[in-house]
Amino acid sequence: MMVGSGLEEEGREALHPSCIISTVQASGGSVMIWGCFCWDGFGSATLCINKIKFPEYVSILSDHFIPSMDQVLPVGGSIFRDDDTRTYQARIVDNWFQEHQGSFRCLIWIPQSPDFNPIENL
388 MMVGSGLEEE GREALHPSCI ISTVQASGGS VMIWGCFCWD GFGSATLCIN KIKFPEYVSI
448 LSDHFIPSMD QVLPVGGSIF RDDDTRTYQA RIVDNWFQEH QGSFRCLIWI PQSPDFNPIE
508 NL
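Take any residue in the sequence shown, count from 1 to its spot, add 387: that is its number in the numbering used here.
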């Protein structure tokens, strides 16, 4: 590790009020966008006006995920992974996945895992 006056200056500058952007963690409003992507490209994204409930999630999968998957990965072999929130655990959602099980595989992942959440970095 190198220490010098230049590094010390940079450290102090990072904490200067003009370099800090305040954020709101709760009750600051929110915007939800559902989107999908893969190694080969981006799929569609859609603005979700209200909190997503089971029927809306199934509509998003049908209207956005399937067409995106067909466009970006027309040969198949895709693996689907969601963030495993409660919205995605309803019987209607499970039935939709059963109906489309030949189109793609589902990756099982623990809820809110910090290890693998690439959509947060887009």
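Don't be surprised by glycine CBs; every beta carbon is placed ideally from N, CA and C.
- Within the region 436-466, the runs of alpha helix (DSSP H) at least 4 residues long that lie entirely inside it are, in chain order, 441-447 and 453-459.
- Where TRP496 is concerned, there is no enclosing alpha helix (DSSP H), because DSSP gives it neither an H nor an E.
- For TRP483, the enclosing alpha helix (DSSP H) stretches over residues 478-486.
- Setting aside the 5 residues that flank it on each side, ILE447 is surrounded in the same chain by TRP421, THR433, CYS435 and ILE439, each with a C-beta closer than 8 Å to its C-beta; the list follows chain order.
- With contacts defined by Cβ atoms closer than 8 Å, PHE452 and CYS425 do not form a contacting pair.
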